[in-house]
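Okay, structure first, notes after.
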Amino acid sequence: MGVEVSTHHVTKRFGSQTIWQDVSLTLPSGEVSALLGPSGTGKSVFLKSLIGLLRPEEGSILIDGTDITTCSHKELYEIRKLFGVLFQDGALFGSMDLYDNVAFPLREHTKKSESEIRKVVMEKLDLTGLIGAENKLPGEISGGMRKRAGLARALVLDPQIILVDEPDSGLDPVRTAYLSQLLIDINAQIDATILIVTHNISLARTVPDNIGMLFRRSLVMFGPREVLLTSDEPVVKQFINGRRLGPIGMSEEKDETQMAQEQAMVDAGHHDGSAEEVTTIIPQIRATPGMPERQAVGRRRERVREIMHTLPPEAQAAIQDSLDHADEYNHDYGDYDEKPDYGGDDAQTQAIPAYRDENYQSAG
Ligand SMILES: Nc1ncnc2c1ncn2[C@@H]1O[C@H](COP(=O)(O)OP(=O)(O)O)[C@@H](O)[C@H]1O
Ligand SMILES: [Mg+2]
Numbered sequence: 247m248g249v250e251v252s253t254h255h256v257t258k259r260f261g262s263q264t265i266w267q268d269v270s271l272t273l274p275s276g277e278v279s280a281l282l283g284p285s286g287t288g289k290s291v292f293l294k295s296l297i298g299l300l301r302p303e304e305g306s307i308l309i310d311g312t313d314i315t316t317c318s319h320k321e322l323y324e325i326r327k328l329f330g331v332l333f334q335d336g337a338l339f340g341s342m343d344l345y346d347n348v349a350f351p352l353r354e355h356t357k358k359s360e361s362e363i364r365k366v367v368m369e370k371l372d373l374t375g376l377i378g379a380e381n382k383l384p385g386e387i388s389g390g391m392r393k394r395a396g397l398a399r400a401l402v403l404d405p406q407i408i409l410v411d412e413p414d415s416g417l418d419p420v421r422t423a424y425l426s427q428l429l430i431d432i433n434a435q436i437d438a439t440i441l442i443v444t445h446n447i448s449l450a451r452t453v454p455d456n457i458g459m460l461f462r463r464s465l466v467m468f469g470p471r472e473v474l475l476t477s478d479e480p481v482v483k484q485f486i487n488g489r490r491l492g493p494i495g496m497s498e499e500k501d502e503t504q505m506a507q508e509q510a511m512v513d514a515g516h517h518d519g520s521a522e523e524v525t526t527i528i529p530q531i532r533a534t535p536g537m538p539e540r541q542a543v544g545r546r547r548e549r550v551r552e553i554m555h556t557l558p559p560e561a562q563a564a565i566q567d568s569l570d571h572a573d574e575y576n577h578d579y580g581d582y583d584e585k586p587d588y589g590g591d592d593a594q595t596q597a598i599p600a601y602r603d604e605n606y607q608s609a610g
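Under the working numbering, the letters of the sequence shown match residues 247 to 610, in that order.
Here it is, written out as structure tokens:
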């Protein structure tokens, strides 16, 4: 099972600029969490702080019980081995083919023989749907494949914590959906603790067990997905519906005059920019049939039951509803031992098996 990651009152500054302050949250072991927030709110800085690439000015960060803000270099080096990270730009080496890119961490950090390396690399390429593309250079493949190759590379050292920074950036909605499914399937297979930094609303609504949001140098909230998805907080509602109307502006936060002007425009019948206002909670994506069940689901159910009384009424109702329907979602998939297809970028791209299963579709 993945390890727990927690931050306690952390504050990050660059010179006199405070990026965020007093951020406390816990990424529960083996669960998938997402951190949302407008561009420039310090999501990438937060992710880099979690692996000790940046050191916060205040507070502590516990990784499996070790405070990485005070531990020795040697301890930090060991702790880093628990992580697999997919940075925002994918960061593949342009002159190496996918095989060598994915093999790189193994050649750098382990004493494995080339035949052992081959076994691991092919397994991860298989998991990310890249078999057949191993001899391609990053420049010869699509953005979606590059993301998956970055993910394959993040997985080769068998990480217990996986951090992914905007995995959807540069991807179309269909490729993003495939990638969302892939993240859930990876969680089902290796039970790692996952944090996804994103501003993709569909991904945020369907993938994570827990969601948080950074805004105005603070963590607005962090908790079970139902809390944020039912929140009445104006900034949260604006963000998850992609609206112009609300506290988030084009470059900075807005002042009251601008908010009043925009409200007047909408009252006068102007469009507020969002395609739809989603008021219900969309069920979470489940692991592809044939994959192991996500172990996090049961653990989370117990965990959330315990904290339920501390949550807002709307979130409690939504959680109760999902608990009541848990059995319906737990139906037998039938015999699927087929490998999922994550949307190879060739003409033979098929729908993933989940979408061919009518029961699956109607249940969840
Ligand atoms: N190494 C750095 N030195 C100084 N400022 C930085 C550094 N890294 C990021 N920043 C600043 O921190 C802020 C948050 O950046 P970032 O984490 O990239 O935002 P996000 O990922 O949410 O879009 C930005 O204003 C950025 O300029
Ligand atoms: Mg970023």
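A virtual CB, placed ideally from N, CA and C, is assigned to each residue, including glycine.
Fill in: Close Cβ partners of Leu281 (< 7 Å) along its chain, the five nearest in sequence each way excluded
Residues Lys289, Phe292, Leu441, Val443, Gly458 and Leu460 of the same chain have their beta carbon placed closer than 7 Å to that of Leu281, with the five preceding and five following residues left out of the count.
Fill in: Nearest candidate by alpha-carbon position, reference Thr272, set Leu376, Thr312 and Gly469
It is Gly469.
Discussion item. Excluding the 5 residues flanking Ser464 on each side, which residues of the same chain have their C-beta closer than 8 Å to its C-beta?
Written reply: The beta carbon of Ser464 lies closer than 8 Å to those of Trp266, Gln267, Asp268 and Val269 in the same chain, with the five residues before and after it left out.
Fill in: Residue(s) in a DSSP beta bridge with Glu304
DSSP, once it has assigned bridges, lists Thr257 as partnering Glu304.
Worksheet item: What residues does ligand 1 have around it, judged by CB closer than 6 Å to any heavy atom, in chain order?
Response: Going along the chain, the residues that qualify are Phe260, Ile265, Gly283, Ser285, Gly286, Thr287, Gly288, Lys289, Ser290 and Val291.
Worksheet entry | Extent of the continuous alpha helix (DSSP H) run through Thr618 | The requested residue 618 does not occur in the structure, where the chain is confined to residues 247 to 610.
Worksheet item: Of the choices Ser262, Ala564, Pro284 and Val249, whose alpha-carbon is the least far from that of Pro493?
Response: When only C-alpha atoms are compared, the closest one is Pro284.
Discussion item. Please report the straight-line C-alpha distance between Asp583 and Pro535, rounded to a whole angstrom.
Written reply: Reliability fails at Asp583, whose pLDDT of 48 lies under 50, so the model's placement of it is uncertain and the value that follows must be treated cautiously. Each residue's alpha carbon lies about 8 Å from the other.
Discussion item. Suppose the cutoff is 7 Å on Cβ atoms and the five residues either side in sequence are ignored; what does the same chain contact list for Gln509 look like?
Written reply: Within the same chain, Gln509 has close Cβ partners Leu491.
Discussion item. Using 7 Å as the threshold, is the C-beta distance between Ala542 and Glu250 below it?
Written reply: Taking 7 Å as the Cβ cut-off, Ala542 and Glu250 do not qualify as a contacting pair.
Worksheet item: In this structure, does DSSP put Phe333 in helix, strand or coil?
Response: Of the three classes helix, strand and coil, the one that applies to Phe333 here is coil, per DSSP.
Discussion item. Please tell me whether Thr264 and Gly305 are closer than 7 Å, where the distance is taken between their beta carbons.
Written reply: The Cβ atoms of Thr264 and Gly305 lie no closer than 7 Å to each other.
Worksheet item: When the distance is taken between beta carbons, is Arg421 closer than 7 Å to Gly390?
Response: Using a Cβ distance threshold of 7 Å, Gly390 and Arg421 count as a contacting pair.
Worksheet item: Is Gln530 helix, strand or coil by DSSP?
Response: Residue state, collapsed to three classes: coil.
Fill in: Rounded distance between the beta-carbons of Met247 and Ser275, thought under 8 Å
Beta-carbon to beta-carbon, Ser275 and Met247 are separated by about 5 Å, close enough to satisfy the 8 Å threshold.
Worksheet entry | Val543 (DSSP reduced to helix, strand or coil) | Secondary structure at Val543: helix, using DSSP grouped into helix, strand and coil.
Worksheet item: Excluding sequence positions up to five away, which residues of its chain have a Cβ less than 8 Å from the Cβ of Leu403?
Response: Sequence-distant partners of Leu403 (beyond 5 residues in either direction) whose C-beta falls short of 8 Å from its own C-beta, in its chain, are Lys327, Gly330, Pro351, Leu352, His355 and Thr356.
Worksheet item: Between Glu479, Gln484 and Pro538, which lies nearest to Glu560 when the distance is taken from Cα to Cα?
Response: A check of alpha carbon separations from Glu560 across Glu479, Gln484 and Pro538 identifies Glu479 as the nearest.
Discussion item. Count Cβ pairs between the stretch 374-386 and the stretch 337-345 that sit closer than 8 Å; are there 3 or more?
Written reply: Verdict: yes, contact present.
Discussion item. Considering only the alpha carbon of each residue, which of Gly298, Arg489, Glu303 and Leu397 lies closest to Leu322?
Written reply: When each option's Cα is compared against that of Leu322, the closest is Gly298.
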